[in-house]
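So the structure is just underneath, and the comments pick up after that.
Residue numbers (the numbering used here): 370 to 694.
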């Protein structure tokens, strides 16, 4: 095809200005241009993409730019090509998905997998949120925090160990019990016109581009619940009638806390248990006033007699080791 069609790509490749991976990206994208594109538009789009590759854009970034290589020629054609290419990639990714899990015989298990790019972004975003080192080292005011409940943890772990620990926590909380069918919340940016016509693409807050159809599918599984506090249909203080906080109470507490209440911890609220500061077993009420969210780790620590806790004005709870006699 380089000999018969793509002059700009052939010349740049012959001069050593671009690599074979970039050539494949350009040719594959050019082959998927809409049939309505004229020969002049095809040539102009190819030359623009080659110029980006020559300027130093690597193959991965070039692949995303190639989806809209007709942007400077025709926005309508660019929308059509982007929609077609992303849908093709999503179908290919679904066919290529696999996973293996192997018992190592020493109490550990190893695994490998290939997933669609969308699900990899969702997994990575969740794990990075759970393993972010800053959640161990800053309070709500931004001041440094030393958490004595984390010996050898937090910033002391390397990246792969942090991700591994976060993955085990993710598994312990599955299936996620949320207000909607999906346990994952993502921000999706999609033009209203493309929501209707199905063209173009949508952008996740992770930086990934997905098809309009995928965006509509994610929207079907999302839980969108208005926060109506004190309404007649929701009783926020159940008193002694039940031990566990209700969904309505958790919803109210989520407006006060974005994360675990432990000082410096950024575990998402959705991953937290609701702790009774005044123990339910000792007469404490199951109410929003007698409830603080703690991640599984800190919920165990707050019941550990080796630690004492202090309520801070920010609403956070500070942990300190008791002095040994």
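In this text, a Cβ means the ideal position worked out from N, Cα and C, and glycines have one as well.
Can you tell me whether residue i is buried or exposed? The criterion is at least 16 other CB atoms within 10 Å of its CB, across all chains shown.
i, result
"residue 464", "exposed"
"residue 472", "exposed"
"residue 448", "buried"
"residue 691", "exposed"
"residue 479", "exposed"
"residue 385", "exposed"
"residue 647", "exposed"
"residue 655", "buried"
"residue 407", "exposed"
"residue 617", "buried"
"residue 643", "buried"
"residue 635", "buried"
"residue 669", "exposed"
"residue 487", "buried"
"residue 470", "exposed"
"residue 540", "exposed"
Can you tell me whether DSSP reads residue i as helix, strand or coil?
i, result
"residue 412", "helix"
"residue 389", "helix"
"residue 496", "helix"
"residue 510", "coil"
"residue 686", "strand"
"residue 442", "coil"
"residue 599", "Because the pLDDT at residue 599 is just 40, under 50, the model does not fix this residue reliably, and the point stays unresolved."
"residue 668", "helix"
"residue 580", "coil"
"residue 680", "strand"
"residue 474", "coil"
"residue 646", "coil"
"residue 656", "coil"
"residue 447", "helix"
"residue 571", "strand"
"residue 479", "strand"
"residue 469", "strand"
"residue 405", "coil"
"residue 424", "coil"
"residue 628", "strand"
Near residue i, what residues of its chain come up, given a Cβ to Cβ distance below 7 Å and the 5 sequence neighbours on each side ignored?
i, result
"residue 421", "431 and 434"
"residue 596", "A caution first: residue 596 carries a pLDDT of 30, below 50, which makes its placement in the model unreliable, though a value can still be read off. 620 and 624."
"residue 378", "371, 392, 395, 396, 415 and 419"
"residue 485", "459, 462, 463 and 466"
"residue 401", "450, 453 and 454"
"residue 638", "623, 626, 627, 628 and 662"
"residue 673", "none"
"residue 614", "643, 655 and 660"
"residue 426", "434"
"residue 529", "none"
Determine the closest residue to residue i out of the options, with distance taken between C-alpha atoms.
i, options, result
"residue 704", "475, 491, 615 and 416", "The requested residue 704 is not part of the displayed model; the chain covers only 370 to 694."
"residue 468", "483, 456 and 461", "483"
"residue 534", "570, 496 and 510", "496"
"residue 632", "685, 426 and 439", "685"
"residue 679", "494, 661 and 538", "661"
"residue 640", "490, 498, 670 and 382", "498"
"residue 537", "477, 490 and 682", "477"
"residue 667", "630, 652, 683 and 657", "630"
"residue 374", "406, 403, 383 and 411", "411"
"residue 683", "512, 539 and 677", "512"
"residue 403", "425, 439, 388 and 645", "439"
"residue 445", "481, 470, 615 and 405", "405"
"residue 389", "488, 428 and 675", "428"
"residue 671", "687, 681 and 659", "687"
"residue 697", "675, 489 and 681", "In the structure as shown, the chain begins at 370 and stops at 694. Residue 697 is therefore absent and cannot be evaluated."
"residue 409", "424, 426, 376 and 382", "376"
"residue 676", "423, 689 and 529", "689"
"residue 657", "645, 423 and 383", "645"
"residue 681", "423, 510, 426 and 383", "510"
Using C-beta distances below 8 Å, list every residue in its chain close to residue i, excluding the 5 sequence neighbours before and after it, in chain order.
i, result
"residue 413", "441 and 442"
"residue 423", "381, 386 and 387"
"residue 527", "none"
Suppose the cutoff is 6 Å on Cβ atoms and the five residues either side in sequence are ignored; what does the same chain contact list for residue i look like?
i, result
"residue 456", "580"
"residue 437", "447 and 451"
"residue 399", "415"
"residue 475", "none"
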